[in-house]
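Each residue of the sequence shown is one higher than the one before, starting from 934 at the first, in my numbering.
Ideal Cβ positions, reconstructed from N, Cα and C, are used throughout, including at glycine.
No experiment lies behind these values; they were computed from the predicted model shown.
Working notes, beginning with the structure itself.
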Amino acid sequence: MEGDIAEMGKFIGVGLTTLGMGGAAIGVGNIAGNFLSGALRNPSAAAGQTATLFIGIAFAEALGIFSFLVALLLMFAV
934 MEGDIAEMGK FIGVGLTTLG MGGAAIGVGN IAGNFLSGAL RNPSAAAGQT
984 ATLFIGIAFA EALGIFSFLV ALLLMFAV
């Protein structure tokens, strides 16, 4: 019985970690998207915002991948 409770607790922790970091990835994606939609309303500024676009996308992707990796580590290493 004690092993089952510990196993269930581990899965609950994995789920909470994944939700938290996944939510952060969604938030970063929203921030980058809203920034770019506001910045690109001025067509003369569009060329200078390409790097910002790629950095925002990279942060959102990285947080999503980190969420997945932490979930795997918690499930199989702990």
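Check: For Ala1004, which of helix, strand or coil comes out of DSSP?
Finding: Your numbering for residue 1004 matches position 71 in the sequence shown. DSSP places Ala1004 in helix when its eight states are reduced to three.
Notebook entry, point to check: Apart from the five residues just before and just after Ala995, which ones in its own chain have a Cβ nearer than 7 Å to its Cβ?
Noted result: Position 62 of the sequence shown holds residue 995. Excluding positions up to five away in sequence, the list is empty.
Next item on the list: Would you be able to state if there are at least three C-beta pairs under 8 Å between the region 978-998 and the region 949-960?
Entry: yes
Margin query: Going by C-alpha to C-alpha distance, which of Ala1004, Ile938 and Gly989 sits closest to Ser970?
Written below: Sequence index remark: in the sequence shown, residue 970 carries index 37 (1-based). The shortest C-alpha separation from Ser970 is found at Gly989.
Note to self: Using 8 Å as the threshold, is the C-beta distance between Val1003 and Met954 below it?
What the structure shows: Residue numbering aside, residue 1003 sits at position 70 when the sequence shown is read from its first letter. Residue numbering aside, residue 954 sits at position 21 when the sequence shown is read from its first letter. Contact: yes.
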